[in-house]
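Colleague:
2 protein chains.
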Amino acid sequence: MLKTHLKNSKEYQPGLSIDCVIFGFDDNQLKVLLIKTGYDDSWSLPGGFVSIDEDIDTAAVSILQSRTGLTGIFLRQFATFGKVKRNQDHFSSDSLAYFGIPLEEEKWYKSRFVTIGYYALVNFSKAIPQADNPGEMVEWIDHHEVPELILDHREILDKALETLRTELNLMPVGYNLLPEKFTIPELQKLYETILGRTLDRRNFLRKITSIGILTKLDEKKSNVAHKAPNLYSFDKDKYEEVLKNGLTQGW
Amino acid sequence: MLKTHLKNSKEYQPGLSIDCVIFGFDDNQLKVLLIKTGYDDSWSLPGGFVSIDEDIDTAAVSILQSRTGLTGIFLRQFATFGKVKRNQDHFSSDSLAYFGIPLEEEKWYKSRFVTIGYYALVNFSKAIPQADNPGEMVEWIDHHEVPELILDHREILDKALETLRTELNLMPVGYNLLPEKFTIPELQKLYETILGRTLDRRNFLRKITSIGILTKLDEKKSNVAHKAPNLYSFDKDKYEEVLKNGLTQGW
DNA sequence: TGTACATTGCGTCATATTAACACATAGCAT
DNA sequence: ATGCTATGTGTTAATATGACGCAATGTACA
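Listed below in C-alpha cells is the structure:
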C-alpha cells in the first residue's frame, strides 16, 4: 500500500488517498492485483496519496502505471469511502518506523483518511507486477481466493466488482482484459467469471456478435484439445462507439 | 455554499467538501435546489464541509437536512471531483471577509478542495428551502433553466443527472419525488422529464404496472380538466424490494 | 484405424418483451 | 348537443430471449 520515495507529507493532499482494484483475466480466472507488505504480511489493494498539485484521476493513472507498467488503460472511479474510523489504528508507530517514516510525520499517517476507489481492467499478459518497497510482494490473486485485507479494502473490492457487474449491462467488456486475438468461448468465460454464473453458449454467441464489435479472423486457435475455435479481434472503432453510447440491453 | 456557525477549520477534514444535487418534481418540471450567495449573486449547489469526526455519508445527510428540513431521504453518492484547479481563485479575500472568515482561516479556504457529489430525490411539497446565511437565497430551479454556477458545479450537476438517468434503468423512481397519491400520467411525466424524451402512454402504463410496485386506489383525481385520472400509491414493501434487487430491464 | 468423447458452430422453436397504433370513455368548454 | 382533450384498454407485428437439437472438428486411446 505504501510507496517508497515518499515525499514530505506536506506535498500531499491531506487526508486523501486512492485505492485501485486492478482486474486481470488469466487461466479462466478473474484476478486482482494485491500487495503484501514486508512488515506484517498483511494484504492490501495497491494505493497511494494524491500530490497537492495533481488531479485525482492523474494520481490513479500513476498508481496503476507504477504497479503494472501499463498506460492508456481502462480506469474508472467508482466510489469514495469515508467512514470516520476506516483507518483508525491502522498504522502503529512500529509499522511507520519499519516503513522509514520520520517521527514528525507519524501524526499525518495516523490521521483520518478518505479514499477514492478506482477499478482498472488490464491485459494480464502485458502487466508486469512491480514491488515498490523491499520485502513487498505484488501478486495476482483469483478473486475467489482473496485473503483478508487491511482496513475496508475488502469492502472496496466488493464494491468494485459489483460496479463492474452492473456496468457490464451498459458497456462492452473484453478489449482491456483479453489478448488481441481471442475466441468466443474465452470471451464467454470472461463474462461468466465477472457475472458469477454460466451463460448459454449459443445465446451468448448470438448476442455478442449482434453488438457489432467483433471481427471474425480467418484463423483458428492452435494447440488446443478438441475442435479448434475460431479467433476474433475487437473492432476498436465500433467498440469505442458502443462504449460511448452504451448498450441497450444487458445480460 | 458556505454555512454559518462555521467551526474552526481545524474541526473539519482538510481539503474535503460535499456538494449535493437535490432534485424535486413540481409542475411537471424536474427542479434543482440552488443557492445564491448574498456576496456576489453567484449560484451554487448546496454543500458543506465534513467534520473531522463525521462519516461522509452522515455529512451529506446533514447538508440535505439543513437545506430542506427533510430526513430519511433517498441520497446517493455518485462521483468525486478532484481536479487540482477546480477551486483555484474561488474565494477572494473580500468574499471571505464578507462571510466573516477570520484572516488566519483564509489559507484554509483558498487551499485545494476535493468534493464528493451526492444526489438526492425529495418530495418537493414537503421540502422547506432554508437559507443559512443572511442575504442568501435558496430556490428551486427548473433543471432546464439553471444559471451559470460557481466552480465546476455545472459539471457536478450534469453528472448527477446522467447518473440518475442511468439508474432509472436499474431501479424504480418516484416514491421519493411524488406525493403519496399520484396518477400514472404524473409518474410518466416524471420519467419523461428525467429522461428528456417522451414515452408512449400505453406502453408506459403496461411496463410500470408490470413491475408490481403500484397500488391502484379506488379514487380519482379531482378538480382536473378532462377525464379524471385514477390515483395510485406505491406499495412500499414491494418498492423497497425492487430497489434492492434491481430492475431487469430499462427504458 | 476407427470409435468414444469433448468442444465448437450453426440452427430451431416457443415465449416474452417492445414498439406502434386503434378505439372507446370521461369531463370541460362553448 | 358538439367539439376538444386527456385517460383507460386492447391489438398486432417486430424483435429479443431462453431452452434446446444436431452436425462438424479434433483429441485420446483401444
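Read top to bottom, the protein sequences are chains D and Y. Okay, so the first sequence: first residue is 1 according to the UniProt record's numbering, each after it adds one. Okay, so the second sequence: first residue is 1 according to the UniProt record's numbering, each after it adds one. Yeah, the Cβ is synthetic: ideal placement off N, Cα and C, and Gly gets one too. No experiment lies behind these values; they were computed from the predicted model shown.
Quick one: Cα of residue 230 of chain Y to Cα of residue 218 of chain Y, how far?
Modeller: Residue numbering aside, residue 230 of chain Y sits at position 230 when the second sequence is read from its first letter. Residue numbering aside, residue 218 of chain Y sits at position 218 when the second sequence is read from its first letter. Going from the Cα of residue 230 of chain Y to the Cα of residue 218 of chain Y covers about 8 Å.
Colleague: Between residue 136 of chain D and the rest of its own chain, which residues show a CB-CB distance below 8 Å, the 5 nearest in sequence each way excluded?
Modeller: For the purposes of this step, residue 136 of chain D is identified with residue 136 of the first sequence, where counting begins at 1. Result list for residue 136 of chain D: 35, 36, 37, 38, in chain order.
Colleague: Mind checking if residue 84 of chain Y is an interface residue toward chain D, Cβ cutoff 7 Å exclusive?
Modeller: For the purposes of this step, residue 84 of chain Y is identified with residue 84 of the second sequence, where counting begins at 1. Residue 84 of chain Y has a beta carbon lying within less than 7 Å of a beta carbon in chain D.
Colleague: Using the beta-carbon of each residue, which ones in chain Y are nearer than 7 Å to residue 52 of chain D?
Modeller: Position 52 of the first sequence, counted from the start, is the residue given in the question as residue 52 of chain D. Ordered by position in chain Y, the residues that pass the 7 Å Cβ test against residue 52 of chain D are 112.
Colleague: Could you check if residue 112 of chain D is buried or exposed, using at least 16 other CB atoms within 10 Å of its CB as the buried criterion?
Modeller: In the first sequence, residue 112 of chain D corresponds to position 112, counting from 1. By the neighbour-count rule (16 or more Cβ atoms within 10 Å), residue 112 of chain D is buried.
Colleague: What residue range is occupied by the uninterrupted alpha helix (DSSP H) comprising residue 32 of chain D?
Modeller: As a working note, residue 32 of chain D is residue 32 in the first sequence. Counting along the chain, residue 32 of chain D falls outside any alpha helix (DSSP H), though it belongs to the beta strand (DSSP E) covering 29–36.
Colleague: Between the Cα of residue 44 of chain D and the Cα atoms of D:88, D:52, D:141, D:101, which residue gives the shortest distance?
Modeller: In the first sequence, the residue the question calls residue 44 of chain D occupies position 44. Closest option to residue 44 of chain D, Cα to Cα, is D:141.
Colleague: Residues in the same chain with beta-carbon distance under 6 Å from residue 204 of chain D, minus the five sequence neighbours each way, listed in chain order, please.
Modeller: Mapped onto the first sequence, residue 204 of chain D falls at position 204. Counting only Cβ-Cβ distances below 6 Å, and skipping sequence neighbours, we find 188.
Colleague: Mind checking which residues open and close the alpha helix (DSSP H) that includes residue 59 of chain Y?
Modeller: Position 59 of the second sequence, counting from 1, holds the residue named residue 59 of chain Y. It spans 56–68 - the alpha helix (DSSP H) in which residue 59 of chain Y sits, taken as one unbroken run.
Colleague: Measuring CA to CA, which of Y:110, Y:109, Y:105, Y:32 is closest to residue 258 of chain Y?
Modeller: With chain Y represented from 1 up to 251, any question about residue 258 of chain Y goes unanswered, as that position is not in the structure.
Colleague: Taking the straight line between their C-alpha atoms, what separation do you get for residue 124 of chain Y and residue 9 of chain Y?
Modeller: Position 124 of the second sequence, counting from 1, holds the residue named residue 124 of chain Y. Position 9 of the second sequence, counting from 1, holds the residue named residue 9 of chain Y. The straight-line gap from Cα to Cα measures roughly 33 Å.
Colleague: Determine, using beta carbons only, whether residue 56 of chain D and residue 116 of chain D come nearer to each other than 7 Å.
Modeller: Your numbering for residue 56 of chain D matches position 56 in the first sequence. Your numbering for residue 116 of chain D matches position 116 in the first sequence. Yes.
Colleague: Extract the residue ranges of the alpha helix (DSSP H) inside the stretch 149–178 of chain D, only unbroken runs of 4 or more that lie entirely within it.
Modeller: 153–167
Colleague: Any beta carbon from chain D within less than 7 Å of residue 116 of chain Y's own beta carbon?
Modeller: By 1-based counting over the second sequence, the position of residue 116 of chain Y is 116. Output row for residue 116 of chain Y: interface = yes.
Colleague: Is the CB-CB distance between residue 52 of chain D and residue 77 of chain D below 7 Å?
Modeller: Counting from one through the first sequence, the residue named residue 52 of chain D turns up at place 52. Counting from one through the first sequence, the residue named residue 77 of chain D turns up at place 77. No.
Colleague: For the pair the stretch 149–168 of chain D and the stretch 68–85 of chain D, tell me if three or more CB-CB distances fall below 8 Å.
Modeller: yes
Colleague: Residues of chain Y with a CB under 8 Å from the CB of residue 63 of chain D: which are they?
Modeller: Position 63 of the first sequence, counted from the start, is the residue given in the question as residue 63 of chain D. Chain Y residues near residue 63 of chain D: none, gap ~14 Å exceeds 8 Å.
Colleague: Over what stretch of residues does the alpha helix (DSSP H) that includes residue 107 of chain D continue unbroken?
Modeller: Start at 1 with the first residue of the first sequence, and residue 107 of chain D comes out as number 107. Its alpha helix (DSSP H) spans residues 106–110.
Colleague: If I'm right that residue 211 of chain D touches residue 172 of chain D with Cβ under 8 Å, what's the distance once you round it to whole angstroms?
Modeller: Here the question's residue 211 of chain D lines up with position 211 in the first sequence. Here the question's residue 172 of chain D lines up with position 172 in the first sequence. Between the beta-carbon of residue 211 of chain D and that of residue 172 of chain D there is about 6 Å, and that keeps the pair under the 8 Å contact cut.
Colleague: If you follow the beta strand (DSSP E) that residue 76 of chain D is in, where does it begin and where does it stop?
Modeller: Stepping through the first sequence from its first residue, residue 76 of chain D is reached at position 76. Here the beta strand (DSSP E) through residue 76 of chain D covers 74–81.
Colleague: State the Cα-Cα distance for the pair residue 222 of chain D and residue 214 of chain D, rounded to the nearest angstrom.
Modeller: Here residue 222 of chain D is taken as the residue at index 222 of the first sequence, counted from 1. Here residue 214 of chain D is taken as the residue at index 214 of the first sequence, counted from 1. Cα to Cα, residue 222 of chain D sits roughly 20 Å from residue 214 of chain D.
Colleague: Could you check if residue 174 of chain Y is buried or exposed, using at least 16 other CB atoms within 10 Å of its CB as the buried criterion?
Modeller: Position 174 of the second sequence, counted from the first residue, corresponds to residue 174 of chain Y. Buried is the call here.
Colleague: Answer with buried or exposed for residue 4 of chain D, where buried requires no fewer than 16 other C-beta atoms within 10 angstroms of its C-beta.
Modeller: Numbered from its first residue, the first sequence carries residue 4 of chain D at position 4. With a pLDDT of 46 at residue 4 of chain D, under the threshold of 50, the predicted position of this residue should be treated as unreliable, though the coordinate-derived value follows. The residue is exposed, with fewer than 16 neighbouring Cβ atoms inside 10 Å.
Colleague: For residue 114 of chain D, name the three-state secondary structure that DSSP assigns.
Modeller: Taking the first sequence and counting its residues from 1, one reaches residue 114 of chain D at position 114. Residue 114 of chain D: strand per DSSP, three-state reduction.
Colleague: In the DSSP assignment, find the beta strand (DSSP E) that holds residue 141 of chain Y and state where it starts and stops.
Modeller: Start at 1 with the first residue of the second sequence, and residue 141 of chain Y comes out as number 141. Unbroken beta strand (DSSP E) run through residue 141 of chain Y: 137–142.
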